[in-house]
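Enquirer: So the sequence shown is numbered by the numbering used here: it starts at 1 and just counts up by one. Cβ atoms here follow ideal geometry from the backbone N, Cα and C, with glycine treated the same way.
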Amino acid sequence: MKARSTVRDIDPQNDLTFLRIRSKKNEIMIAPDKDYFLIVIQNPTD
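As structure tokens, then:
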């Protein structure tokens, strides 16, 4: 996963545990684990 690699490049002692991306149309939340990825896509609300 590119995001995990980027986090480790910034701080080798740190690891990605949760990623949240929000746009006008969707909100995507990703929680990576050793064996799987939990991905949620939802409509953002104000």
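1. Are the CB atoms of residue 28 and residue 37 nearer to each other than 8 Å?
2. On the DSSP bridge list, what partners appear for residue 32?
3. Since residue 26 and residue 39 are thought to touch, with beta carbons under 8 Å apart, how far apart are those beta carbons, to the nearest angstrom?
Expert: Looking at the atomic coordinates:
1. no
2. 37
3. 12 Å between Cβ atoms; not a contact.
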